[in-house]
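Under this note's numbering, residues 223 to 620 are what the sequence shown spells out, in order.
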Amino acid sequence: MRKVRKALVWLVAVLVVAAFAGCGASEADKPMKEFASEDGTVSIMLAEDWVTEDAGVDGWIAATSKNGNDGVMVMQLIKGVDAANIDDIKAAMDDTYDISDMTDSTGTLPGLENLEAFNCKISIEGTKGEGYFIYGESDYAYYAFVYVGNRLNDKTMEYVNKVSASFKENAPEVVNNSTVETTDTILWINGTYAVLTAVNSQDYTVFGTMPANDETMASQQAMLSEWWDITDRASADETLDWLMNEGHRADFEEEMEMLTEVGLADVSVEERADFLLDNFDFTEDEAQQYAQLYNSYEENGVNVMSGWDYSRMVSVLSSCYIAGYYSETEALDKALEAAQVIQQNFDSWDSFIDSYMVGYEYWAGESSEERRGIYEDLKAASDSPYSLDWNMTLEKSW
Numbered sequence: 223m224r225k226v227r228k229a230l231v232w233l234v235a236v237l238v239v240a241a242f243a244g245c246g247a248s249e250a251d252k253p254m255k256e257f258a259s260e261d262g263t264v265s266i267m268l269a270e271d272w273v274t275e276d277a278g279v280d281g282w283i284a285a286t287s288k289n290g291n292d293g294v295m296v297m298q299l300i301k302g303v304d305a306a307n308i309d310d311i312k313a314a315m316d317d318t319y320d321i322s323d324m325t326d327s328t329g330t331l332p333g334l335e336n337l338e339a340f341n342c343k344i345s346i347e348g349t350k351g352e353g354y355f356i357y358g359e360s361d362y363a364y365y366a367f368v369y370v371g372n373r374l375n376d377k378t379m380e381y382v383n384k385v386s387a388s389f390k391e392n393a394p395e396v397v398n399n400s401t402v403e404t405t406d407t408i409l410w411i412n413g414t415y416a417v418l419t420a421v422n423s424q425d426y427t428v429f430g431t432m433p434a435n436d437e438t439m440a441s442q443q444a445m446l447s448e449w450w451d452i453t454d455r456a457s458a459d460e461t462l463d464w465l466m467n468e469g470h471r472a473d474f475e476e477e478m479e480m481l482t483e484v485g486l487a488d489v490s491v492e493e494r495a496d497f498l499l500d501n502f503d504f505t506e507d508e509a510q511q512y513a514q515l516y517n518s519y520e521e522n523g524v525n526v527m528s529g530w531d532y533s534r535m536v537s538v539l540s541s542c543y544i545a546g547y548y549s550e551t552e553a554l555d556k557a558l559e560a561a562q563v564i565q566q567n568f569d570s571w572d573s574f575i576d577s578y579m580v581g582y583e584y585w586a587g588e589s590s591e592e593r594r595g596i597y598e599d600l601k602a603a604s605d606s607p608y609s610l611d612w613n614m615t616l617e618k619s620w
């Protein structure tokens, strides 16, 4: 998302000048011509005298009217590469612009689904104007259509609607270098990290969650470097070994044992949060969280959160395959070994996911309620890995 925010910040200067320069003639009756993104994957029709601006991102369109009164952007975030879900593009907009007085509207971007349209007030570096937004998605990407001006009257909106209705996507054919078809064993493996896959709006029915190609290789290399300090096969080996044999559960166990040493085990379950609040620099929420974590640890030991580390291990492993640090066969071999360990340490999908959620709460310091809801939704899906028998025989088929 960094390149998205960078581009939006860069466009602030364009839109401050272009969108809020003053009143001018209507664009609605002018001849139209096509304006396309640099990579040709998306286009719109604008008045022929509009001026293309450099958006700084291949799949974006940025343009301003000849008289400098209006500005338009079409933003494209490729699924699984640039963005995890539509909320990513909304967050980028909210972080960059001050948007207020939103009112629901109607709009169209042909070929897109899940459309949301609204009019709003918009402020950019203290300069105020009006905006019209449409969010939507295709199988290929998430989109935002943004039109800004000093005042969006009926005549301007007639033009804006004509522009948005001219939207065309020319999505490239997606290259997939994977040679392995998904079997029940692979789908079972994918189930160990399917909650995160769903959070990221990626595909839990394929190993690696996305097609294997040069573009996804670059995106996963960047992600692994930023989040895991993985830059090559050696650092991948080290991280995967740490997750499988130590992980966050090592620190968790150390903290829980420290709480035992200070006497938390001797305090009644009902009074443990108060004990932690009185004896440690905890907020009330933190005290409640650690009391619950300790209760779970007391009942089940460190395995109460090992599912978190195991899940992340398989997830990172699959990303290392897409990044090119392991071949598909190498990654699946490692994933099968990890899956067999997971299967031996838990007795059901529910118990494994419960352990994953405890680890998430420990790591994130927040409730797992949203992710638990995602898990329940996944269980109901027709292609869900969670419909597979936990105790099925996991076997190599690649």
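The beta carbon of each residue, even a glycine, is placed where N, CA and C say it ideally should be.
Keep in mind the model is a prediction, meaning the values are calculated, not measured.
Query	Result
Within the same chain, show all residues whose beta-carbon is closer than 8 Å to that of Cys342, passing over the 5 residues directly before and after it, in chain order.	Ile321, Ser322, Asp323, Met324, Thr325, Glu352, Gly353, Tyr354 and Phe355
Near Tyr608, what residues of its chain come up, given a Cβ to Cβ distance below 7 Å and the 5 sequence neighbours on each side ignored?	Gly413, Trp571, Leu600 and Lys601
Can you tell me the Cβ-Cβ gap for Asn336 and Ser423, rounded? I've got them flagged as a contact below 8 Å.	Rounded, the Cβ-Cβ distance is 11 Å, inconsistent with contact.
Check Lys618 in the structure and name its three-state DSSP category.	coil
For Ile266, name the three-state secondary structure that DSSP assigns.	strand
How about Ser518: is its Cβ closer than 7 Å to a heavy atom in the ligand HEM?	Summarising the ligand content, the structure contains no ligands, and the ligand HEM is consequently not present.
Could you have a look at Asp611 and say whether DSSP puts it in helix, strand or coil?	coil
Hey, Leu268 and Lys288: beta-carbon distance below 8 Å or not?	no
Quick check: the Cα distance between Pro332 and Glu468, rounded to an integer number of angstroms?	50 Å
Please name the residue in Gln510, Tyr597, Cys542 and Leu558 whose C-alpha comes closest to that of Gly587.	Gln510
Give me the Cα-Cα distance between Glu260 and Thr330, rounded to the nearest whole angstrom.	23 Å
Give the DSSP-derived three-state secondary structure of Ala603 in the structure shown.	coil
Exposed or buried, Ser589, counting other C-beta atoms within 10 Å across all chains shown (16 or more means buried)?	exposed
Pull up the distance between the alpha-carbon of Arg373 and that of Gly262, whole angstroms please.	31 Å
Check Val273 in the structure and name its three-state DSSP category.	strand
Would you report the Cα separation of Ala444 and Thr427, rounded to the nearest angstrom?	23 Å
Rounded to whole angstroms, what's the CA-CA distance from Ala390 to Ile266? Just pull it up for me.	The question names Ala, but residue 390 is Lys in the sequence shown. Going from the Cα of Lys390 to the Cα of Ile266 covers about 6 Å.
Roughly how many angstroms lie between the CA atoms of Glu483 and Tyr516, to the nearest whole one?	12 Å
For Phe502, name the three-state secondary structure that DSSP assigns.	coil
With contact counted as at least three CB pairs below 8 Å, one residue from each stretch, are the region 540-555 and the region 499-509 in contact?	no
On the DSSP letters alone, give me the boundaries of the beta strand (DSSP E) that Gln298 sits inside.	Asp292 to Ile300
Does the Cβ of Gln566 have 16 or more other Cβ atoms within 10 Å, making it buried, or fewer, making it exposed?	exposed
Ile408 to Asp425, Cα distance in whole Å?	13 Å
Tell me the rounded alpha-carbon separation between Ala434 and Asn399.	5 Å
So, helix, strand or coil for Ala258, using DSSP?	strand
Would you mind stating whether Tyr597 and Ile564 have Cβ atoms separated by less than 8 Å?	no
In whole angstroms, what is the alpha-carbon distance linking His470 and Ile300?	32 Å
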